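**Q** My questions will all concern the structure given below.
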Amino acid sequence: MAARLLHEAGNEVLVVTRELGEASRVPDALLNPVRGKRGTVALEAEEALEALWDFYPRFGPVRRGILRPVPEADRGVWKGKLEVRKIPHQWLEEGLYLENAGWLETTPLLHRLAQGLNIWYAEVERLEGRTLYLRTPEPRTLRAGLVVYAGGASGAHLLGLGGRFTPGSVLQTQEHFQQARSYGVYVAGHSLGGSYLPHRNSYAPHQTEPHEVEWLMAEAEKLLGYRPRFRSSWAGVRYRLDQNYLKPIPGGFALTGFGSAAYFYAPLYAHRLLKRLQGKS
Ligand SMILES: Cc1cc2nc3c(=O)[nH]c(=O)nc-3n(C[C@H](O)[C@H](O)[C@H](O)COP(=O)(O)OP(=O)(O)OC[C@H]3O[C@@H](n4cnc5c(N)ncnc54)[C@H](O)[C@@H]3O)c2cc1C
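Counting in numbering that gives the first Met the number 0, the sequence shown runs from 0 upward without gaps.
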């Protein structure tokens, strides 16, 4: 997203990447301002919602609305948290309906974002200031005018910023859920996903484990009243930094660490990066 915005603003952008997104290829992504089972309203959620609705629809459909079937006993606390914020919502019999939240299919979006960008598929072995050392058959270096690091969990070792790495899986359901629902786990499109495994201090590739499938199914039963059938699974690793998603680094900026709210915050922070580069903030 940042590469797209910088390119559209007339900058000369070269994307150096092993492949087109990794954890970002989670099949369907929620755009959810009210998080978890405690109803925590995300920091800067109002600004993030505005930025994402300005951005994503230019590149494809975004499905509107998330239903959060909050138990009756917890609704008072959730209402208190929402009262002091400006997040459009309604309380229905079934729970909280977030009309300005939503979900999107990531793969078509990533391809549309990449259209017309100058992309170089290569592995970066090391990053020193504005110099990238590439792992190519012939060792090669690239010198950039400015580096924007957006290498997610698998590239985090290049910077060593610390952070938390959380593996997780999404089951690809046979059923299509046009209406996103989220409480414990989420369903949207052909996805059933959620957070279950503990955080780690470093990156390791992840593959879906049988106990994750059992957990997702048990939670889905609570959410939907039945266990949906699935045909395959997708696994990835989230990378989370402590809400400081845009940091200066030697040679430029790091734009990373959004955890499981990556698609929610990315348009807002891509805009912030653009403004900083234009000297407007
Ligand atoms: C189970 C699960 C469910 C999720 N659900 C949601 C959701 O509902 N909503 C939401 O918003 N987010 C969700 N996320 C989070 C989100 O999908 C990703 O964490 C986020 O998009 C990460 O984006 P990124 O661009 O920072 O990293 P990635 O998508 O991981 O991209 C990193 C890029 O850097 C490249 N790279 C890394 N190292 C190197 C190197 N050495 N050399 C060259 N290139 C390199 C990779 O090839 C890749 O293209 C979920 C994640 C998981 C795991």
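Note that CB positions come from ideal geometry on N, CA and C, so glycine has one too. From a predicted model like this one, the values you see are computed outputs, not experimental measurements.
Taking 6 Å as the line, does the beta carbon of residue 25 fall inside it for any heavy atom of ligand 1?
**A** yes
**Q** Who are the near neighbours of residue 205 in its chain, counting only those whose CB is closer than 7 Å to its CB and skipping five residues on each side?
**A** 166, 234, 235 and 236
**Q** Sort out for me which residues DSSP pairs residue 201 with in a bridge.
**A** Beta-bridge pairing links residue 201 to no other residue.
**Q** Cα separation between residue 73 and residue 228?
**A** In a straight line, the C-alpha of residue 73 is about 30 Å away from that of residue 228.
**Q** What residue ranges within the stretch 123-166 form continuous beta strand (DSSP E) runs of no fewer than 3 residues, ordered along the chain?
**A** 130-134, 139-142 and 146-148
**Q** Suppose you measure from the CA of residue 133 to the CA of residue 109; what does that come to, to the nearest Å?
**A** 23 Å
**Q** I'd like the list of long-range same chain contacts for residue 93, defined as Cβ closer than 8 Å, with 5 residues on each side in sequence excluded.
**A** 66 and 68
**Q** I need the straight-line Cα distance from residue 244 to residue 61, nearest angstrom please.
**A** 24 Å
**Q** Looking only at its own chain, which residues have a Cβ that is under 7 Å from the Cβ of residue 13, when we skip the five neighbours before and after it?
**A** 117 and 119
**Q** Helix, strand or coil: how does DSSP classify residue 256 here?
**A** coil
**Q** Starting from residue 367, follow its DSSP beta bridges and name the residues at the other end.
**A** The question about residue 367 has no answer, for the chain in this structure spans 0 to 280.
**Q** Can the beta-carbon of residue 1 be found closer than 7 Å to that of residue 260?
**A** no
**Q** In angstroms, rounded to a whole number, what distance separates the CA positions of residue 186 and residue 122?
**A** 34 Å
**Q** Cα separation between residue 262 and residue 31?
**A** If you take the alpha carbons of residue 262 and residue 31, they lie about 9 Å apart.
**Q** Below 8 Å, how does it come out for the stretch 245-256 and the stretch 148-162: are there three or more Cβ pairs, yes or no?
**A** yes
**Q** Would you call the stretch 160-176 in contact with the stretch 139-147, where contact means no fewer than 3 C-beta pairs closer than 8 Å?
**A** Remark: fewer than three beta-carbon pairs, one from each stretch, lie closer than 8 Å, so the stretch 160-176 and the stretch 139-147 are not flagged as touching.
**Q** Could you have a look at residue 91 and say whether DSSP puts it in helix, strand or coil?
**A** Strand.
**Q** Cβ-heavy atom distance between residue 51 and ligand 1 below 6 Å?
**A** Flag unset: Cβ of residue 51 not near ligand 1.
**Q** What's the C-alpha gap between residue 218 and residue 210?
**A** 12 Å
**Q** When you compare the CB positions of residue 19 and residue 113, do they come within less than 7 Å of one another, or not?
**A** Contact flag set, yes.
**Q** My assumption, with CB atoms under 8 Å, is that residue 191 sits in contact with residue 170. Please give the rounded CB distance.
**A** 4 Å
**Q** Applying the criterion that 16 or more other CB atoms from any shown protein chain within 10 Å of the CB defines a buried residue, is residue 50 buried or exposed?
**A** buried
**Q** Secondary structure at residue 239, three-state DSSP: helix, strand or coil?
**A** strand
**Q** With respect to 6 Å, is the separation between the Cβ of residue 3 and the closest non-hydrogen atom of ligand 2 below this value?
**A** Ligands in the displayed structure: ligand 1; ligand 2 is not one of them.
**Q** Does DSSP put residue 179 in a helix, in a strand, or in coil?
**A** strand
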